[in-house]
Amino acid sequence: MRPDYVDFHAHLDLYPDLRAAIAACEQRRTATLAVTTTPKAFARNAELAEVSEFVRVGLGLHPQLVAERSGEISLFEKLFRRSRYVGEVGLDAGPQHYHSLELQKSVFERILRLSAGEGNKILSIHSVRAAKLVLDLLEEHLPRQRGTVVLHWFSGSVGEARRAVAFGCYFSVNERMLASPNGRRIVQEIPEHRLLTETDGPFVQREGNPIGAGDVVRAVREIATLKRRSIADVQSLIVNNLRDLTNAVP
Ligand code: MN
Numbered sequence: 003m004r005p006d007y008v009d010f011h012a013h014l015d016l017y018p019d020l021r022a023a024i025a026a027c028e029q030r031r032t033a034t035l036a037v038t039t040t041p042k043a044f045a046r047n048a049e050l051a052e053v054s055e056f057v058r059v060g061l062g063l064h065p066q067l068v069a070e071r072s073g074e075i076s077l078f079e080k081l082f083r084r085s086r087y088v089g090e091v092g093l094d095a096g097p098q099h100y101h102s103l104e105l106q107k108s109v110f111e112r113i114l115r116l117s118a119g120e121g122n123k124i125l126s127i128h129s130v131r132a133a134k135l136v137l138d139l140l141e142e143h144l145p146r147q148r149g150t151v152v153l154h155w156f157s158g159s160v161g162e163a164r165r166a167v168a169f170g171c172y173f174s175v176n177e178r179m180l181a182s183p184n185g186r187r188i189v190q191e192i193p194e195h196r197l198l199t200e201t202d203g204p205f206v207q208r209e210g211n212p213i214g215a216g217d218v219v220r221a222v223r224e225i226a227t228l229k230r231r232s233i234a235d236v237q238s239l240i241v242n243n244l245r246d247l248t249n250a251v252p
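Read in order, the letters of the sequence shown correspond to residues 3 to 252 in this note's numbering.
Take a look at the structure:
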């Protein structure tokens with residue numbers, strides 16, 4: 003069944019009740035990528051999402067956890083063939099995680115090489131303060147026809163966004179990003195056919211409460227305002243973009 007919405011980056015397993023979070027995505031008819039932050043979390047997510055029509059699970063190793071969890075890369079490799087979706091992976095060069103940047107780079111490189119080797123993966127990538135570095139590594143290790151990249155909550159410069167567009171990246175955009183001047187400039191820059199929505203729930207909050215699982219209604223509305231399109235147009239554009247992304251055989 004065709005979904006009504008797309009949430010291409012959500013941490014459903016970080017809500018108090020994973021089962022209820024999956025049910026909320028089903029109820030909203032939101033096609034959701036449930037990213038994981040460690041490969042240990044993958045199995046339970048995959049098991050609970052198995053019967054779900056709209057929820058898919060990504061195999062992840064979050065850059066902010068690489069310092070303590072890099073040993074889980076072997077489990078990551080073992081599970082790799084089980085999932086078409088990879089995420090959350092990437093680099094974080096912010097002050098709290100800068101100390102592990104070299105280790106993050108080696109783990110991320112390994113994941114990119116695995117993805118290139120297997121082919122046809124779709125990756126949800128974190129790039130905080132590391133947009134240039136992420137793009138350098140993508141260009142070096144993931145040939146365009148070997149996989150597709152979705153940059154999650156991109157916060158690089160407009161020039162870096164253009165470089166990512168030229169590389170073939172998609173962008174998943176949330177309501178917090180759309181509330182910031184730089185985020186809005188980036189969204190203006192992204193071609194319409196490369197746009198997806200996300201919640202990044204439960205990290206994104208509204209009035210002190212986590213955003214609802216799969217609730218991208220505000221993000222859709224803000225994109226419609228920015229792009230001067232109707233809400234219905236943007237809603238179907240994003241669902242079509244997801245269909246193109248997942249049907250593409252690179
Ligand atoms: Mn995230």
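Glycine included, C-beta positions come from ideal geometry on N, C-alpha and C.
From which residue to which residue does the beta strand (DSSP E) around THR199 run?
On the sequence shown, residue 199 is found 197 positions in, with the first residue counted as 1. Unbroken beta strand (DSSP E) run through THR199: 197-199.
At which residues does the alpha helix (DSSP H) containing PHE78 begin and terminate?
The residue given as residue 78 occupies position 76 in the sequence shown. From DSSP, the alpha helix (DSSP H) with PHE78 extends over 75-81.
Is any heavy atom in the ligand MN found nearer than 6 Å to the beta carbon of ASP15?
Taking the sequence shown and counting its residues from 1, one reaches residue 15 at position 13. ASP15: no, Cβ never under 6 Å from the ligand MN.
Which of helix, strand or coil does DSSP assign to VAL236?
Looking up residue 236 in the sequence shown gives position 234. The answer is helix: DSSP assigns VAL236 an H, G or I state.
Thinking C-beta only, is ALA43 closer than 7 Å to ASP15?
Here residue 15 refers to the residue found at position 13 of the sequence shown. Here residue 43 refers to the residue found at position 41 of the sequence shown. A contact, by the Cβ cut-off of 7 Å.
Along the chain, where does the alpha helix (DSSP H) that runs through HIS143 open and close?
Locating residue 143 in the sequence shown gives position 141, counting from the first residue. 133-143 is the span of the alpha helix (DSSP H), which, as asked, contains HIS143.
Taking the beta strand (DSSP E) that VAL130 falls in, what are its first and last residues?
Position 128 of the sequence shown holds residue 130. Looking at the DSSP string, the run of the beta strand (DSSP E) that includes VAL130 is 123-130.
Indicate the three-state DSSP secondary structure (helix, strand or coil) for ALA36 in the structure shown.
The sequence position of residue 36 within the sequence shown is 34, counting from 1. Residue state, collapsed to three classes: strand.
Taking the C-alpha atoms as reference points, what is the distance between VAL91 and ARG230?
In the sequence shown, counting from the first residue as 1, residue 91 sits at position 89. In the sequence shown, counting from the first residue as 1, residue 230 sits at position 228. If I take the Cα positions, the gap works out to 33 Å.
Report, in whole angstroms, the separation of the C-beta atoms of SER129 and LEU153, which I expect to be a contact under 8 Å.
As a first step, residue 129 is located in the sequence shown; it is residue number 127 there, counting from the start. As a first step, residue 153 is located in the sequence shown; it is residue number 151 there, counting from the start. With 8 Å as the limit, SER129 and LEU153 qualify as a contact, their Cβ atoms being about 6 Å apart.
Taking 7 Å as the cut-off, decide whether the C-beta atoms of PRO204 and PRO193 are in contact.
Looking up residue 204 in the sequence shown gives position 202. Looking up residue 193 in the sequence shown gives position 191. Not in contact: PRO204 and PRO193 (Cβ atoms no closer than 7 Å).
Rounded to the nearest angstrom, how far is the Cβ of PRO65 from that of HIS99, given a contact under 8 Å?
Translated into positions along the sequence shown, residue 65 becomes position 63. Translated into positions along the sequence shown, residue 99 becomes position 97. About 7 Å separates the two Cβ atoms, so the contact holds.
Any idea what DSSP makes of TYR100, helix, strand or coil?
Working through the sequence shown from its first residue, we reach residue 100 at position 98. If DSSP states are grouped into helix, strand and coil, TYR100 belongs with the helices.
Taking VAL136 and LEU105 to be in contact with their CB atoms under 8 Å, please state how far apart those CB atoms are, rounded to whole angstroms.
Counting from one through the sequence shown, the residue named residue 136 turns up at place 134. Counting from one through the sequence shown, the residue named residue 105 turns up at place 103. Their Cβ separation, rounded to whole angstroms, is 15 Å, which puts VAL136 and LEU105 out of contact at 8 Å.
Any heavy atom of the ligand MN closer than 6 Å to the Cβ of GLU90?
Walking along the sequence shown from the start, residue 90 turns up at place 88. Yes.
Under three-state DSSP, which class holds PHE56?
Position 54 of the sequence shown, counted from the start, is the residue given in the question as residue 56. Here PHE56 sits in coil by DSSP.
Any non-hydrogen atom of the ligand MN within 6 Å of ASP202 CB:
Here the question's residue 202 lines up with position 200 in the sequence shown. Correct: ASP202 has its Cβ closer than 6 Å to the ligand MN.
Cα-Cα separation between ALA163 and ARG186, rounded to whole angstroms:
On the sequence shown, residue 163 is found 161 positions in, with the first residue counted as 1. On the sequence shown, residue 186 is found 184 positions in, with the first residue counted as 1. ALA163 and ARG186: Cα-Cα distance of roughly 12 Å.
Would you mind reading off the limits of the alpha helix (DSSP H) that contains VAL255?
What is shown of the chain runs 3 to 252, which leaves residue 255 out entirely.
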